[in-house]
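Inspection log for the structure reproduced underneath, given as structure tokens.
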Amino acid sequence: MRVAVFALGGTISVARRGESDRLTGAEIAAAVPGLEELGVELDVRDVHAVPSGSLTFAQLLDLVGDASRAVDEGAAGIVVTQGTDTLEETAYLADLVWPHDAPFVLTGAMRQAAMAGADGPANVLSAVRVAASREARGLGALVAFNDEVHAARWVRKSHSTSTAAFVSPNTGPAGHVVEGRVRVLAVPPRRGVLPARYDTARLDATRVALHCVTLDDDGALLSGVADTCRGLVVAGFGVGHVPARLAPVLGALAERMPVVLTSRTGSGSVLRHTYTAPGSETDLRERGLIDGGLLDPYKARVLLRLLLAADADRETVAKAFAEHG
Ligand code: ASP
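Going by my numbering, the final residue of the sequence shown carries number 327, and the count climbs one at a time with no gaps.
Below, the structure written as structure tokens:
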């Protein structure tokens, strides 16, 4: 059995504080106790050794293309090692376009390799186990971290330093790795797969803004956004509310481009028709905002950008959010 490993940068590739030379994928794998004994052949490739905050959609889609070819050539699954900062977004991006049953598993580390209790090796071991497992087939993109398995659709980075930083607040983990066994508890539903090929120039030019609504927000920060961006995600209060005076600003923007309403709370769904005051979810929907459902603002932005890069019109965007949100 073969698993293809794509090594990006991030803490998992940092040997010790202050060192700029990054560990290669082979060096990361060589430091994992018990990996060889799994009997899984690893095809390790080094790509984009950068902090995860510097990754681009285009680089990630290229990686998904290479991973897809690896599966066509016989790999049972994929492991991606990367920085943890954007892992919740990259995992969801991969999930949206991953067409195979073979697991696409992302992992990283919160502690550098030379630190006491470095978590990279255990996370890589789990990730390879998940990628090679029958249990994880057909589940799309998964995050293996801290002996847990999270569905890309739900996972969040919820802590800046903890080795238990990855959680799925809406659902809990999709599974666990117990004594080396992959135990899947909750099967995430697979939704329609988006095209994985995009024109890079068009993708780069497809800017999607994310505006987090705050107390006493007058919307001044949004001026000009429709001139530079093709879409906007609004992270509203609670169930999808904004200050009354922001509602007409968002309504005017929704006439020029898709504007998706999400919640800034970190879990739960925006509502559709419970409150009716100016700035409520009902008011905003009547003004043309699209319901982001259970998608958090970061994931909603990933979906919206892919849709707009493929020139989706407003109706197609609304349909996609009804399906994925
Ligand atoms: N800043 C790092 C990154 O995302 C953090 C990490 O890897 O945990 O690349």
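Ideal Cβ positions, reconstructed from N, Cα and C, are used throughout, including at glycine.
Every value quoted in this text rests on a predicted model; they were computed, and no experiment measured them.
(request) Could you check the C-alpha separation between residue 235 and residue 273 for me, to the nearest Å? (result) 16 Å
(request) State buried or exposed for residue 257, treating a residue as buried only when at least 16 other CB atoms are found within 10 Å of its CB. (result) exposed
(request) Go ahead and label residue 223 buried or exposed: buried means 16 or more other beta carbons lie within 10 angstroms of its beta carbon, across all protein chains shown. (result) exposed
(request) Closer than 6 Å by C-beta to residue 187: which residues in its own chain qualify, once you throw out the five before and the five after it? Chain order, please. (result) Counting only residues of its own chain and dropping the five nearest sequence neighbours on each side, residue 187 has a CB closer than 6 Å to the CB of 177.
(message) Is any non-hydrogen atom of the ligand ASP found closer than 7 Å to the C-beta of residue 85, if you look at the structure I gave you?
(response) yes
(request) Assuming residue 327 contacts residue 283 (C-beta within less than 8 Å), just tell me the rounded distance between them. (result) Actually they do not touch by this definition, with Cβ atoms about 13 Å apart.
(request) Would you check if the distance between the CB atom of residue 184 and the CB atom of residue 137 is smaller than 8 Å? (result) Contact flag set, yes.
(request) With hydrogens ignored, establish whether the beta-carbon of residue 54 is closer than 7 Å to any heavy atom of the ligand ASP. (result) Checking the Cβ of residue 54 against the ligand ASP gives yes.
(request) Return helix, strand or coil for residue 142, following the three-state DSSP convention. (result) coil
(request) Confirm, please, whether the CB-CB distance from residue 114 to residue 18 is below 8 Å. (result) Yes, they are a contact pair.
(request) Rounded to whole angstroms, what's the CA-CA distance from residue 254 to residue 247? Just pull it up for me. (result) 12 Å
(request) Note down the Cα distance separating residue 48 from residue 179, rounded to an integer number of angstroms. (result) 26 Å
(request) Kindly indicate which residue of 122, 143, 78 and 112 has the alpha-carbon position closest to the one of residue 100. (result) 143
(message) Pull the bridge partners of residue 243 from the DSSP assignment, please.
(response) 239
(request) Give a yes or no on whether the C-beta atoms belonging to residue 211 and residue 86 are separated by under 8 Å. (result) no
(message) With a threshold of 7 Å on Cβ separation, who are the neighbours of residue 129 within its own chain once the five nearest residues in sequence on each side are excluded?
(response) Apart from the 5 residues on each side of it in sequence, residue 129 sits with its Cβ closer than 7 Å to the Cβ of 81, 107, 109 and 146 in its chain, given in chain order.
(request) Identify the continuous alpha helix (DSSP H) that holds residue 336 and give its terminal residues. (result) Only positions 3 to 327 of the chain appear in the structure, and residue 336 is not among them; the question remains open.
(request) Count the other CB atoms, across all protein chains shown, that sit within 10 Å of the CB of residue 299; report buried if there are 16 or more and exposed otherwise. (result) Buried: at least 16 other Cβ atoms inside 10 Å.
(request) Return the CA-CA distance between residue 302 and residue 251, expressed in angstroms with no decimal places. (result) 20 Å
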